[in-house]
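Visitor: Next up is a structure, given as structure tokens.
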Amino acid sequence: MSASSGPEVVVWDTTYACPLRCSHCYSESGRRAPRQLSHEDMLRVADALITLNPRVVALSGGEPLVVKGIFEVAGRLSRAGVKTAVYTSGWVMEPWMATGLATVFDEVIVSLDGATAQVHDRIRGRRGAFDRALSALTLLDGVARERRHQKRSPLWFGIDCVVIRSNFPQLEEFCTAIAPRFPELRTLTFNAAVPEGLASRPEFGRFELLDDEQVADLTSEHRRARLQELAPAGVRVFTTDNQNLVMRPDRFASGVDTLVMQIEPDGDVRALPVYEGTVGNILQESPLDLWYRGVSRLRDPFVVETLSAVRTMQDWAEAVRRMDYHFGSQEVRSRIERRSVRTNPPEFTALAL
Ligand code: SF4
1 MSASSGPEVV
11 VWDTTYACPL
21 RCSHCYSESG
31 RRAPRQLSHE
41 DMLRVADALI
51 TLNPRVVALS
61 GGEPLVVKGI
71 FEVAGRLSRA
81 GVKTAVYTSG
91 WVMEPWMATG
101 LATVFDEVIV
111 SLDGATAQVH
121 DRIRGRRGAF
131 DRALSALTLL
141 DGVARERRHQ
151 KRSPLWFGID
161 CVVIRSNFPQ
171 LEEFCTAIAP
181 RFPELRTLTF
191 NAAVPEGLAS
201 RPEFGRFELL
211 DDEQVADLTS
221 EHRRARLQEL
231 APAGVRVFTT
241 DNQNLVMRPD
251 RFASGVDTLV
261 MQIEPDGDVR
271 ALPVYEGTVG
281 NILQESPLDL
291 WYRGVSRLRD
301 PFVVETLSAV
311 RTMQDWAEAV
321 RRMDYHFGSQ
331 EVRSRIERRS
341 VRTNPPEFTA
351 LAL
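Pasting the structure below:
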């Protein structure tokens, strides 16, 4: 697939509402207006996405499971032959939701950022988050087992961990203590944190973003193979440094990076994923025109200069801060400024649980 034929992956942040307060939140959810569309408009966005014919649409947030009618929206995509995935913290998961997820989503991913309650809840900013995530996984596991016995289409679910310094020492524990609790679990993915949103704060970079040695370790074949060896036989382990999301113009031009479109809850389309700055609204303009406009941002001299220089994680964090401030609206800049004041001292070192 080339940039001229549209995005391969669409990430749709369906709401900025969220019951959690994660220290690394890419979208600053739960701390800002949800900007959620009406159900009818969400269906219109789904119809617009279908015209792009992406390989997969990932419904994210915020917490997508607090969005009323999210199953119908996913069902619309799915019936049109678009693969759908959903990312949830599991906080609001109820039995009927686990059953419903199995009927409309191709993949259900539960975010788990610690192998213990102490680590997970501190990162996620709310006591009980670990227990709720595990309860959600237990529900999904039960539904997956039932569907397998009934020979129905499988429920494919996985765990996704955003790797930062606080949980880096626990990676093996995910494989030996968490994964075996869910016999139907399919994947365990360890993603190096991206310096986006709250994770782009300088304080976060100093205390929590992986350093380059840790990133190299995480993505080495030796480390991945070790984690795979420790995980149960049915679970595939993935590790990634997320460098494809830097959107370095040279890498993008050579076609090594996945083509991703990111949509904000109200339908505004980001020029580039990860970075602030939008190119229009999908309810008002042709999705393909918005895609081309976003891709053309990679030729902007400021972008070329800023992103071409990224080599290390700290370079990337600095580039995100420059890009966000340069392309962000006045509202975005004010939010970034409030963010720095609010996080002094850094909330990730001073969480009161
Ligand atoms: S990272 Fe996810 S679960 Fe955490 S606050 Fe942000 S949207 Fe909510």
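Note that UniProt numbering numbers the sequence shown so that position 88 is 88, with each residue one more than the last. Backbone N, C-alpha and C define an ideal beta-carbon position, used for all residues, glycine too. Computed from a predicted model, the values in this text were never measured in an experiment.
1. P202 and W316: beta carbons closer than 7 Å?
2. Just to confirm, does L290 get its C-beta within under 6 Å of one of the non-hydrogen atoms of the ligand SF4?
3. When we look at the beta-carbon of P273 and count the other beta-carbons within 10 Å, is it buried (16 or more) or exposed?
4. By the 10 Å Cβ neighbour count, where 16 or more other Cβ atoms means buried, how is F302 classified, buried or exposed?
5. What I want to know is whether the C-beta of G62 ends up closer than 6 Å to one or more non-hydrogen atoms of the ligand SF4.
6. Any heavy atom of the ligand SF4 inside 6 Å of the beta-carbon of C161?
7. Counting only the same chain and skipping the five closest in sequence on each side, list residues whose C-beta sits under 7 Å from that of L65.
8. Rounded to whole angstroms, what is the Cα-Cα separation between L185 and Q330?
9. Hey, how far is the Cα of P34 from the Cα of A17?
10. The ligand SF4 heavy atoms versus the CB of residue 398: any closer than 6 Å?
11. Could you check whether F157 and V104 sit closer than 7 Å to each other, using their CB atoms as the reference points?
12. Which value, in whole angstroms, describes the spacing of the CA atoms of P169 and F238?
13. Determine the DSSP secondary structure at D268, reduced to helix, strand or coil.
14. Using the C-alpha atoms, what's the distance from D241 back to G125?
15. Is S23 near the ligand SF4, going by C-beta to nearest heavy atom under 6 Å?
16. Assuming the contact rule is C-beta atoms closer than 8 Å, S29 and G62 should be a hit. Round their C-beta distance to whole Å, please.
17. Can you round the beta-carbon distance between P7 and L37 to whole angstroms, since I take them to be within the 8 Å contact cut?
Guide: Looking at the atomic coordinates:
1. no
2. no
3. buried
4. exposed
5. yes
6. no
7. T88, V92, M93, M97
8. Approximately 44 Å, taken between the alpha carbons.
9. 5 Å
10. Only positions 1 to 353 of the chain appear in the structure, and residue 398 is not among them; the question remains open.
11. no
12. 17 Å
13. strand
14. 24 Å
15. no
16. 4 Å
17. Contact flag wrong, Cβ pair sits at about 20 Å.
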